[in-house]
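A.B. asks: The sequence shown begins at 1 in full-length UniProt numbering and counts up by one.
Beta carbons are placed, not taken as given, at the ideal position from N, Cα and C, and that holds for glycine.
Here it is, the structure in full.
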Amino acid sequence: MKAATIVAALVGTASANFLHLPKIAARATSSSSASSASGTSSGSLPTVTTKGNAFFAGDSRFYIRGVDYQPGGSSEATDPLADESICSRDIPYFQKLGLNTTRVYTVDNSANHDKCMGLLADAGIYLALDVNSPKYSLNRAEPEVSYNSDYLQSVFATIDAFANYSNTLLFFSGNEVINSDNSTTAAPYVKAVTRDMRQYIAERSYRSIPVGYSAADVSSNQYAMARYMDCGDDAMRSDFYAINNYEWCDPSSYEESGWSTLVDQYSNYSLPLFMSEYGCITNTRKWTEAAELYKEEMTKVFSGGIAYEYSQEGNGYGIYKIDGNSVSPVGNQPEWLGQELNSTSDPQNGGGYSTNGTKQDCPSQSDDWDTSLSRALPFPPSPAASRSLRCHRVPPEHPGGPKIILKYAGKDGTEEYDPIHPPDTLDKFLDKSKHLGEVDMSTVEQEEKEEDPEEAERLERVKRMPILEQCYNLMDFEAVARRVMKKTAWAYYSSGADDEITMRENHGAFHKIWFRPRILQDVENIDLSTTMLGSKVSIPFYVTATALGKLGNPEGEVVLTRGARKHNVIQMIPTLASCSFDEIVDAKEGDQVQWLQLYVNKNREITERIVKHAESRGCKGLFITVDAPQLGRREKDMRSKFSDVGSNVQNTGGDNVDRSQGAARAISSFIDPALSWKDIPWFKSITKMPIILKGVQRVEDVIRAVSVGCDGVVLSNHGGRQLDFARSGVEVLAEVMPELRRLGLDNKIEVFIDGGIRRATDIIKALCLGAKGVGIGRPFLYAMSAYGLPGVDRAMQLLKDEMEMNMRLIGCNSVDQLGPEFVDTRGLSMHSTEIQKAAQSASKFFNGKLDCLVNNAASTSGVGGPHLSDGQSFIDTWHEALETNLTGPMLMSQACLPMLEKFASQEGNSSSIIHISSTRAIQSELNNEPYSTTKAGILGLTQSMAVSLADRRIRVNTILPGWINVSNECKEADEKGEKWEDGLSKEDQAWHLTGRVGKVEDMLKAVEYLVHADFATGTEVVVDGGVTRKMVYPE
1 MKAATIVAAL VGTASANFLH LPKIAARATS SSSASSASGT SSGSLPTVTT
51 KGNAFFAGDS RFYIRGVDYQ PGGSSEATDP LADESICSRD IPYFQKLGLN
101 TTRVYTVDNS ANHDKCMGLL ADAGIYLALD VNSPKYSLNR AEPEVSYNSD
151 YLQSVFATID AFANYSNTLL FFSGNEVINS DNSTTAAPYV KAVTRDMRQY
201 IAERSYRSIP VGYSAADVSS NQYAMARYMD CGDDAMRSDF YAINNYEWCD
251 PSSYEESGWS TLVDQYSNYS LPLFMSEYGC ITNTRKWTEA AELYKEEMTK
301 VFSGGIAYEY SQEGNGYGIY KIDGNSVSPV GNQPEWLGQE LNSTSDPQNG
351 GGYSTNGTKQ DCPSQSDDWD TSLSRALPFP PSPAASRSLR CHRVPPEHPG
401 GPKIILKYAG KDGTEEYDPI HPPDTLDKFL DKSKHLGEVD MSTVEQEEKE
451 EDPEEAERLE RVKRMPILEQ CYNLMDFEAV ARRVMKKTAW AYYSSGADDE
501 ITMRENHGAF HKIWFRPRIL QDVENIDLST TMLGSKVSIP FYVTATALGK
551 LGNPEGEVVL TRGARKHNVI QMIPTLASCS FDEIVDAKEG DQVQWLQLYV
601 NKNREITERI VKHAESRGCK GLFITVDAPQ LGRREKDMRS KFSDVGSNVQ
651 NTGGDNVDRS QGAARAISSF IDPALSWKDI PWFKSITKMP IILKGVQRVE
701 DVIRAVSVGC DGVVLSNHGG RQLDFARSGV EVLAEVMPEL RRLGLDNKIE
751 VFIDGGIRRA TDIIKALCLG AKGVGIGRPF LYAMSAYGLP GVDRAMQLLK
801 DEMEMNMRLI GCNSVDQLGP EFVDTRGLSM HSTEIQKAAQ SASKFFNGKL
851 DCLVNNAAST SGVGGPHLSD GQSFIDTWHE ALETNLTGPM LMSQACLPML
901 EKFASQEGNS SSIIHISSTR AIQSELNNEP YSTTKAGILG LTQSMAVSLA
951 DRRIRVNTIL PGWINVSNEC KEADEKGEKW EDGLSKEDQA WHLTGRVGKV
1001 EDMLKAVEYL VHADFATGTE VVVDGGVTRK MVYPE
């Protein structure tokens, strides 16, 4: 591609595994060489689409009968479709061969192709086009380097040049990039390019042109690559797969060539499959395989193929020899190939194609398949762009005060500014007289940033993050996001108020509600649709408002807009978005529904302007946040010292914000604490949008909201970020709806809830209790932060799939059938911990008596975990280990005391508590502080409890296990015939004085001994095969 053909660079930024693809700038149309891509030709062919494992032209199955066409070979890289004299010379020979397709490996995407594409269409011939070129292609040795913005610009320009021709059959995203066992590390980049091309085609509103990959004839990984291109979400999959195969060498047959094996191997493949290159490359070619390709034993899996190749090049596989304008046959090659193609008709009745193929699972890592260097698809590259903030004269007028501006005076503050400011901030909130113009970046002081070890480690974790397809529920996205997000961003998104009890209890509350499903219902067809505030939606959840989207993804909230659009889900636009309100609205399509979440400004003129603008842009609901007269203490966020926040465009005060209090407080000082019920009539006077109060937490306030004319309420505790120990929305819901029904008000107001929803069962429980819909926030932020738009898409699809399944299991066809009769809420108001509930269950099971308690549960995240210097990451692991490994055994012992005492009260009895510690309590390894400390704490806990509980005849002891091999101690291993010793080396066994690694039975014997050892209390039993008694010398 010539540089002059692109008159503007890519704009926008990429998301984690997907992107809102930027628009390539228009190419110059005044030049006679510029392609109009209009598809103007004297002939037009029906466009080809895919269905099941086949191609279709209209209602008829399309079989590819093609030839590979690149006169001059790869060295010259001549574009045969840009020169009418070349294509008009060769098309008659295509017709003689009986072709309907030709494959071209490289083109000049700045040239005009109208003439040749028209001539091909007149001849009934389609184009299968490779988008790579000698200059712009993926380098299998360094795919991460070659996958860059220049490369993608070239790819997209090629799509632009050919997308509007009706006879553009398909695009190849790559050809033989994986050509050996040691080049499979490039596979994620091939899949990424395929993803980018498909999304670009969709973003440009082109017709759906199939995009896929042409695989090398490498038996060790060709099928693994096929599986890889077909695995994952639809957005990440290929439209087809093609293989190069040269195994049929005359004389040969269906079986001898191995084609029968290929058919068997791909018999359940879900994508269209064809041979992108075929023809013997070792001896005589008589092309008898061309006829075999179109027999039904092949066409039930393959959709034809492309013979390799038209012109005789240096490798000697050509059918014709070209000399200037002269074309002559190479031996009998044209005669043999033409005879086979022209004498073989297409199979009848669709040729046995299938729509029942199974989407593949991604291949596992092996000696032949290694994508470990990039398990997740790489980020789409975006070009470096030098940007600057505009200057103004009066720093004290900045909503966050002058300090942050003065800190970056004379410097480029873009990186700090962008994630927390909508792009129209300066234009909307700074008087034009104070704009001095664009900054000359050559005059800006360039600072060299010191390398941040934490950031380097985070980027390494990003490289090792799981592929999207390994996220099976919303909690998986949170786990990945925690590891790959920046510390300050994670702290802001994940923090809760004070001790975070409410935040944790929000989800736990759903665990206290049990289903009462009905049976023998016809649940073949499930309808998840409903209406919320008069808008029809596909599923009863919405994307609730969450601030600062760009902290997690450079594109911010518009990623959520696109995800919501695809699934017909309503999006609530946050006041404190990183994107501007108009950017988010502009990203919607058609009749997509959006609501506005509003923090009420002390300056009511600003509030009125925001509300009226939202209504003018089509927002269908105004959600006024009423639970935040002051933002709560979110200590995790505060610890992150988000001191550089210079946000919020609504603040009218000076620099009176304590920025050591974290991002939340730094961006919210404009919120009016004087907001009250008397303001509701004013809101009703300035808008016709439905008014909903967000953050209601008691029945009386819901009833009052009805009386003042509100259209809805959201029962919410702000995601556990405001008042700690506020009850969950679902618990309040269970109180609100019966009272509204009693008063006859249940049809006067729509009730929503948010907070803690992580499963479709949570949604169903809320709907059963009377909610109109539920809001989901953090999970979609985590999905976006980890994987971009594909993550949001998968998260929503997972919820849809879960909900459809659970609707069937509960015995309902549609959401309007759900009601309180389907749930048991008797345990909802019990604010007990999971430990207390477990103890209560044990008491019922054992009739209130317990002779022995073994505290065995532990978190091993502190084994080889973060280093002591890793800041918040280490602190989080430390707290997790303390809570699980030390506090947990103490709480369980406390909860079981009544049962233990009751057993010990009988004459001659003593009960027993056995804690499981570890030999890491007395010896350690690198980066084991949380685990070793808590396991050592168990020793002190054991001694103290043994003394304190002695008068109650409760003995307390601890076991310190060493290496106990449990990897094959499971049903799955037994079914596979795996043995206990599998995976253990002779050295592993010999390291122990006993000559072997520990077994589960060793622990059982130790427990059994302590249960019956009436004279043993406060003691420690080491079960480690003598390792801790062995002197170790350096080798």
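DSSP three-state label for Phe162, please.
C.D. replies: Helix.
A.B. asks: Might you give, ordered along the chain, the residues of its own chain that have their beta carbon closer than 8 Å to the beta carbon of Leu743, omitting 5 neighbours on each side?
C.D. replies: Ile703
A.B. asks: DSSP three-state label for His915, please.
C.D. replies: Correct three-state label for His915: strand.
A.B. asks: Can you tell which of Ala141, Lys487, Arg140, Tyr69 has the C-alpha that lies nearest to the C-alpha of Asp130?
C.D. replies: Tyr69
A.B. asks: Which one of Ala786, Ser707, Val774 has the shortest CA to CA distance from Leu733?
C.D. replies: Val774
A.B. asks: Would you kindly work out how many angstroms separate the C-alpha atoms of Thr1017 and Ser728, rounded to a whole number?
C.D. replies: Going from the Cα of Thr1017 to the Cα of Ser728 covers about 43 Å.
A.B. asks: To the nearest angstrom, how far is it from the Cα of Gly888 to the Cα of Ala614?
C.D. replies: 49 Å
A.B. asks: Is the segment 194–205 close to the segment 746–756, with three or more CB pairs under 8 Å?
C.D. replies: Below 8 Å, too few C-beta pairs join the segment 194–205 and the segment 746–756 to call them touching: fewer than three.
A.B. asks: Please name the residue in Leu598, Leu138, Pro71 whose C-alpha comes closest to that of Ser326.
C.D. replies: Pro71
A.B. asks: Check Glu460 in the structure and name its three-state DSSP category.
C.D. replies: helix
A.B. asks: Using the Cβ count rule (16 or more neighbours within 10 Å means buried), how would you classify Tyr472?
C.D. replies: exposed
A.B. asks: Only counting the same chain, and skipping five residues up and downstream in sequence, which positions put a Cβ closer than 7 Å to that of Leu949?
C.D. replies: Val956
A.B. asks: Give the DSSP bridge partners of Phe477, in chain order.
C.D. replies: Answer is none; Phe477 lacks a bridge partner.
A.B. asks: Can you tell me which of the three DSSP states Phe670 falls into?
C.D. replies: coil
A.B. asks: Could you name the residues of the same chain whose beta carbon sits closer than 7 Å to that of Leu809, not counting the 5 residues immediately before and after it, in chain order?
C.D. replies: Pro517.
A.B. asks: For Glu750, does the three-state DSSP call read helix, strand or coil?
C.D. replies: In this structure, Glu750 counts as strand in the three-state DSSP scheme.
A.B. asks: If you compare alpha carbons, which of Met890, Thr860, Pro690, Val714 is closest to Glu880?
C.D. replies: Thr860
A.B. asks: For Ala663 and Tyr492, what's the separation of their Cα atoms in angstroms?
C.D. replies: With a pLDDT of 46 at Ala663, under the threshold of 50, the predicted position of this residue should be treated as unreliable, though the coordinate-derived value follows. Roughly 7 Å between the two C-alpha positions.
A.B. asks: Taking contact to mean 3 or more Cβ pairs, one atom from each stretch, closer than 8 Å, check whether the segment 514–531 and the segment 679–694 are in contact.
C.D. replies: no
A.B. asks: Starting from Ala54, follow the alpha helix (DSSP H) in both directions and report where the run begins and ends.
C.D. replies: Run containing Ala54: none in the alpha helix (DSSP H); it sits in the beta strand (DSSP E), 54–57.
A.B. asks: With three or more C-beta pairs closer than 8 Å as the rule, is the segment 862–878 touching the segment 910–917?
C.D. replies: no
A.B. asks: What would DSSP say about Pro329, mapped onto helix, strand or coil?
C.D. replies: strand
A.B. asks: By Cβ distance below 6 Å, which residues in the same chain neighbour Asn506 in space, the five residues on each side in sequence not counted?
C.D. replies: Gly720, Ser728, Gly755, Gly756
A.B. asks: Under the assumption that Ser303 contacts Leu273 (Cβ atoms under 8 Å), give the Cβ distance between them as a whole number of angstroms.
C.D. replies: 7 Å
A.B. asks: Under the rule that 16 or more other beta-carbon atoms within 10 Å means buried, what is Trp682, buried or exposed?
C.D. replies: exposed
A.B. asks: Determine contact between the segment 600–616 and the segment 557–572, defined as no fewer than three beta-carbon pairs at a distance below 8 Å.
C.D. replies: no
A.B. asks: Ignore the nearest five residues each way along the sequence and tell me which others in Gln312's own chain have a CB closer than 6 Å to its CB.
C.D. replies: If we look at Gln312 and ignore the five residues flanking it on each side, its Cβ neighbours are Gly318, Lys321, Val330.
A.B. asks: Mind checking whether Phe903 and Leu853 have CB atoms under 8 Å apart?
C.D. replies: Their beta carbons are not under 8 Å apart, which means Phe903 does not touch Leu853 by this criterion.
A.B. asks: Looking only at its own chain, which residues have a Cβ that is under 8 Å from the Cβ of Lys359, when we skip the five neighbours before and after it?
C.D. replies: Asp230, Cys231, Arg237, Ser270
A.B. asks: From which residue to which residue does the alpha helix (DSSP H) around Pro681 run?
C.D. replies: 680–686 is the extent of the alpha helix (DSSP H) around Pro681.
A.B. asks: If the criterion is Cβ atoms closer than 8 Å, does the pair Asn109 and Ser154 meet it?
C.D. replies: yes
A.B. asks: Using the C-alpha atoms, what's the distance from Tyr266 back to Val301?
C.D. replies: The alpha-carbon atoms of Val301 and Tyr266 are separated by roughly 7 Å.
A.B. asks: With Thr49 as the anchor, note down where its alpha helix (DSSP H) starts and where it stops.
C.D. replies: No alpha helix (DSSP H) holds Thr49; the beta strand (DSSP E) holding it covers 48–51.
A.B. asks: Does Asp824 come out as helix, strand or coil in the three-state DSSP assignment?
C.D. replies: Note: Asp824 maps to strand in three-state DSSP.
A.B. asks: With 16 other CB atoms within 10 Å as the buried threshold, where does Met465 fall?
C.D. replies: By the 10 Å Cβ count, Met465 comes out buried.
A.B. asks: Are the CB atoms of Phe541 and Ile776 within a distance shorter than 8 Å?
C.D. replies: yes
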